[in-house]
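Number of protein chains: 2
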Amino acid sequence: MSALHTVNNAHRRALGPIATPDRLLLGPGPSNAHPTVLQALSRNPIGHLDPLYVELMGEVQELLRYAWQTDNRLTIPMSGTGSAAMEAALANTLEPGDKVLIAVKGYFGLRLADMAGRYRADVVTIERPWGEAFTLEEIEAALREHRPAILGMVHAETSTGILQPMEGVGELCRQYGCLLLLDTVTSLGAVPVHLDDWQVDLAYSCSQKGLSCPPGLGPFTMGPRAEAKMEARRGKVPNWYLDVTLLNQYWGTDRVYHHTAPVNMNFGMREALRLLAEEGLEHAWARHRRNAESLWAGLEALGLELHAPEHLRLPTLTTVRIPEGVDGKAFTLHLLNKHGIEVGGGLGALAGKVWRIGLMGYNSRAENVELLLELFRTELPAFRPGAQTGRPAAVAV
Amino acid sequence: MSALHTVNNAHRRALGPIATPDRLLLGPGPSNAHPTVLQALSRNPIGHLDPLYVELMGEVQELLRYAWQTDNRLTIPMSGTGSAAMEAALANTLEPGDKVLIAVKGYFGLRLADMAGRYRADVVTIERPWGEAFTLEEIEAALREHRPAILGMVHAETSTGILQPMEGVGELCRQYGCLLLLDTVTSLGAVPVHLDDWQVDLAYSCSQKGLSCPPGLGPFTMGPRAEAKMEARRGKVPNWYLDVTLLNQYWGTDRVYHHTAPVNMNFGMREALRLLAEEGLEHAWARHRRNAESLWAGLEALGLELHAPEHLRLPTLTTVRIPEGVDGKAFTLHLLNKHGIEVGGGLGALAGKVWRIGLMGYNSRAENVELLLELFRTELPAFRPGAQTGRPAAVAV
Numbered sequence: 015m016s017a018l019h020t021v022n023n024a025h026r027r028a029l030g031p032i033a034t035p036d037r038l039l040l041g042p043g044p045s046n047a048h049p050t051v052l053q054a055l056s057r058n059p060i061g062h063l064d065p066l067y068v069e070l071m072g073e074v075q076e077l078l079r080y081a082w083q084t085d086n087r088l089t090i091p092m093s094g095t096g097s098a099a100m101e102a103a104l105a106n107t108l109e110p111g112d113k114v115l116i117a118v119k120g121y122f123g124l125r126l127a128d129m130a131g132r133y134r135a136d137v138v139t140i141e142r143p144w145g146e147a148f149t150l151e152e153i154e155a156a157l158r159e160h161r162p163a164i165l166g167m168v169h170a171e172t173s174t175g176i177l178q179p180m181e182g183v184g185e186l187c188r189q190y191g192c193l194l195l196l197d198t199v200t201s202l203g204a205v206p207v208h209l210d211d212w213q214v215d216l217a218y219s220c221s222q223k224g225l226s227c228p229p230g231l232g233p234f235t236m237g238p239r240a241e242a243k244m245e246a247r248r249g250k251v252p253n254w255y256l257d258v259t260l261l262n263q264y265w266g267t268d269r270v271y272h273h274t275a276p277v278n279m280n281f282g283m284r285e286a287l288r289l290l291a292e293e294g295l296e297h298a299w300a301r302h303r304r305n306a307e308s309l310w311a312g313l314e315a316l317g318l319e320l321h322a323p324e325h326l327r328l329p330t331l332t333t334v335r336i337p338e339g340v341d342g343k344a345f346t347l348h349l350l351n352k353h354g355i356e357v358g359g360g361l362g363a364l365a366g367k368v369w370r371i372g373l374m375g376y377n378s379r380a381e382n383v384e385l386l387l388e389l390f391r392t393e394l395p396a397f398r399p400g401a402q403t404g405r406p407a408a409v410a411v
Numbered sequence: 015m016s017a018l019h020t021v022n023n024a025h026r027r028a029l030g031p032i033a034t035p036d037r038l039l040l041g042p043g044p045s046n047a048h049p050t051v052l053q054a055l056s057r058n059p060i061g062h063l064d065p066l067y068v069e070l071m072g073e074v075q076e077l078l079r080y081a082w083q084t085d086n087r088l089t090i091p092m093s094g095t096g097s098a099a100m101e102a103a104l105a106n107t108l109e110p111g112d113k114v115l116i117a118v119k120g121y122f123g124l125r126l127a128d129m130a131g132r133y134r135a136d137v138v139t140i141e142r143p144w145g146e147a148f149t150l151e152e153i154e155a156a157l158r159e160h161r162p163a164i165l166g167m168v169h170a171e172t173s174t175g176i177l178q179p180m181e182g183v184g185e186l187c188r189q190y191g192c193l194l195l196l197d198t199v200t201s202l203g204a205v206p207v208h209l210d211d212w213q214v215d216l217a218y219s220c221s222q223k224g225l226s227c228p229p230g231l232g233p234f235t236m237g238p239r240a241e242a243k244m245e246a247r248r249g250k251v252p253n254w255y256l257d258v259t260l261l262n263q264y265w266g267t268d269r270v271y272h273h274t275a276p277v278n279m280n281f282g283m284r285e286a287l288r289l290l291a292e293e294g295l296e297h298a299w300a301r302h303r304r305n306a307e308s309l310w311a312g313l314e315a316l317g318l319e320l321h322a323p324e325h326l327r328l329p330t331l332t333t334v335r336i337p338e339g340v341d342g343k344a345f346t347l348h349l350l351n352k353h354g355i356e357v358g359g360g361l362g363a364l365a366g367k368v369w370r371i372g373l374m375g376y377n378s379r380a381e382n383v384e385l386l387l388e389l390f391r392t393e394l395p396a397f398r399p400g401a402q403t404g405r406p407a408a409v410a411v
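Which chain is which? The protein sequence lines are A and B, in order. For the first sequence, the positions run 15 to 411 when this note's numbering is used. For the second sequence, the positions run 15 to 411 when this note's numbering is used.
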């Protein structure tokens, strides 16, 4: 068959079947997926050009419009994670030399600025400390000074737990003739998002937070003004995989083959969005707020300090300051290895300073809040300075 | 909660649970996934920085090295489909103005050329008709004339059913100082591939063909010479999501967060690769060839003509010429709607001229060959010109 070469078994490993444990994922994401979403994932795949798949694509698009509260025609899940959808928002609209203004108040704002630079945009940033939001005055001053083609900002900053107020931002962008790009990775399906009312032109999200699906798809939407900018490009989109002018021919009425869709992930996404529509956005939003408020009250009752001021606090992701002298990493490893519960650490400027607790999608439930508060109450004391006895034995990772 | 805006229910649809049928996918892909791969997909996700996930990443990398027969350190599944991995191979290594030579003998060669242009390479192509392969002489002549930095070619052309002979190509590339990039989308796990023996510097594949996993991941590998070219870049990789210099920090020993990995798809990939290692490459390759040879003999016995000459015929994907006067699309729709079997049509220059039959991974089984041959024998005649009676009633799509 291949007489010239023999098979090298150096990298052949005899493994047992996969045996990952059931974790409770209360970190910054992924969050646990809904059980029926996991069932949907394990269905037999069908072809990406099968008439039944084409029908499913339409359902996913329509329910994404509902989740985002938008009429945008170009609303599709990108075949990659949320970061791919973030890149799609920039890659399709930016042309070399375009001025783009990024409002940075955490890790994901920095990522937007990094990505925009790779598309040869003239990137300018305004910054707020990690744990604050921008005021309309700050935004207007920057728009007036820089006159960008696009303003990019993060609605729900997963690195800080801050929810950026959006009222009035879209109007300012119209007034200054720029597109508004909004990261809704940690808000879609869980926190009020009104894309069209807010006059947002470009947005993206992920599958594994408010939508209760595993990671792997990046919902993406583009309004008419952004579409016009894309259509007026002088050259091809400098990213083939994320090129919306090509994807539009597959997701639109032509159904022209672009790439083989991640069919099973879209089965999961369809089920996740179906569950969200069944619950109703108002109920999902209220549930996330109610459970987050219980968590906040419980943590404060234990004497812990929340990093985000209450009026800017994100219901999906809570940043808790690690008390003086506590080894934050040791405590999260203890929760993971002893109790199978994942809680996140800080990122970037908040590394080592906060824990990040997520209550997202399927995981935003009262029982999870109670369980976690009980563990903070009973097991954190052993990690405080001076605690010598009663500290649970470390479990090897 | 959001008193300024009310929820618009225009796009809220009340859907029933997902109810896709069990298809037998004998087209160009996706192919059916192995049942235990589907089970793995539906496991509860774990965190992408969880020590157990990090361990699983290492297993996936190692088994990919086995499948490709390479020692390449940088061997990872890209978090997108095969097309994303194709783009990664170009995006990380090409710099503006680099000369790249693409050997085009089908649709996917054209795609490589399109992608390379988006990274501002100086793209030159050599072409063969759709159904032929390149000789070493043709390749050497083009290398001598163009002196490219990279030669890109497709090992197994899914659009034509042609297997490109690889003996001697790598040596020529070394001689002319260029990197060799090879598309193994329709060969990995199913057809002999010896990346290191062949001196291939860059390769990629997909999850949904020879590996028996649903679509959604794009295996990618890069050898030391390609790595050196990437490291000598003057600027950042112009694609953030696929930037191997960043991904290397996550998949390497540092485990620095890049993007949230598609955890469940990687569960599936780990199981798919585990099954391949259990079977052994030699057995998997022999099985694909044996079943393909049965299919070829059976189709020819029915008087059908195969598009690819026997010595270049791809075991995973067989192109069958649609007989004069037969409506090829009507027959494939009949197979899909009446029998739940997907067979593909032609792409590009072969649109309307061939059917494409895939026997890949889990689907490369004698029973599938027999079933399909029986349907061609009994039901194709009704689609031939002049057949008036006995044609099965059309089923609405």
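Think of the CB as a built atom: it goes at the ideal place given N, C-alpha and C, for glycine as much as any other residue.
For residue i, does the three-state DSSP call read helix, strand or coil?
i, result
"E146/A", "strand"
"R414/B", "Chain B is shown from 15 up to 411; residue 414/B falls before or after that span and cannot be answered."
"D128/B", "helix"
"P49/B", "helix"
"L225/B", "coil"
"A408/A", "Only weak support exists for where A408/A lies, its pLDDT of 45 falling under 50; the value from the coordinates is given anyway. Looking at A408/A - three-state DSSP - the assignment turns out to be coil, as it is neither helix nor strand."
"R335/A", "strand"
"P31/B", "coil"
"L39/B", "strand"
"K243/A", "helix"
"L412/A", "This structure leaves residue 412/A out entirely; chain A is present only between 15 and 411."
Starting from residue i and walking both ways along the beta strand (DSSP E), at which residues does that stretch end?
i, result
"Y218/A", "216-218"
"V194/B", "Going by the sequence as given, residue 194/B is Leu instead of Val. Start and end: 193-197."
"G372/B", "368-372"
"L88/A", "88-92"
"M236/B", "232-236"
Over what stretch of residues does the alpha helix (DSSP H) that includes residue i continue unbroken?
i, result
"T392/A", "380-393"
"M100/A", "96-105"
"E185/B", "183-189"
"V277/A", "277-293"
Does chain A have any CB closer than 9 Å to the CB of residue i?
i, result
"F122/B", "no"
"C187/B", "no"
"L66/B", "yes"
"L52/B", "yes"
"M167/B", "no"
"I60/B", "yes"
"R379/B", "no"
When you measure from the CB of residue i to every non-hydrogen atom of the ligand MG, does any distance come out below 8 Å?
i, result
"R57/B", "Ligands displayed in this structure: none; no statement on the ligand MG is therefore possible."
Under 9 Å between C-beta atoms, does residue i make it to chain B?
i, result
"K250/A", "yes"
"V415/A", "In the structure as shown, chain A begins at 15 and stops at 411. Residue 415/A is therefore absent and cannot be evaluated."
"M15/A", "The predicted position of M15/A is uncertain, since its pLDDT is 43 and thus under 50; a value taken from the coordinates is nonetheless stated next. Interface residue, yes."
"Q222/A", "yes"
"R391/A", "no"
"E171/A", "no"
"A24/A", "yes"
"V411/A", "Residue placement at V411/A is poorly supported in this model, since its pLDDT is 38, which falls under 50; the coordinates still yield a value, given next. V411/A counts as touching chain B."
"T330/A", "no"
"G43/A", "yes"
"T34/A", "yes"
Assuming residue i contacts residue j (C-beta within less than 8 Å), just tell me the rounded distance between them.
i, j, result
"S173/B", "G96/B", "14 Å between Cβ atoms; not a contact."
"M283/B", "C220/B", "Contact flag wrong, Cβ pair sits at about 11 Å."
"L55/A", "N46/A", "Wrong, their Cβ atoms sit about 13 Å apart, outside the cutoff."
"G230/A", "P276/B", "3 Å"
"M279/B", "M279/A", "7 Å"
Q) Which residues, in order along the stretch 79-95 of chain B, keep a beta-carbon less than 7 Å from a beta-carbon of chain A? A) R79, Y80, Q83, S93, G94, T95
Q | Cβ-based contacts, 7 Å cut-off: residues of the stretch 138-157 of chain A near chain B | A | none
Q | Near-chain B residues of the stretch 226-258 of chain A (beta-carbon distance less than 7 Å), N- to C-terminal order | A | P228, P229, G230, K250, P252, N253, W254, Y255
Q.
At a CB distance below 7 Å, what residues from the stretch 205-217 of chain A approach chain B? Give them in sequence order.
A. P206, H208, D211
Q: Select from the stretch 274-285 of chain A all residues with a C-beta closer than 9 Å to any C-beta belonging to chain B, and list them in chain order.
A: T274, A275, P276, V277, N278, M279, F281, G282, R284, E285
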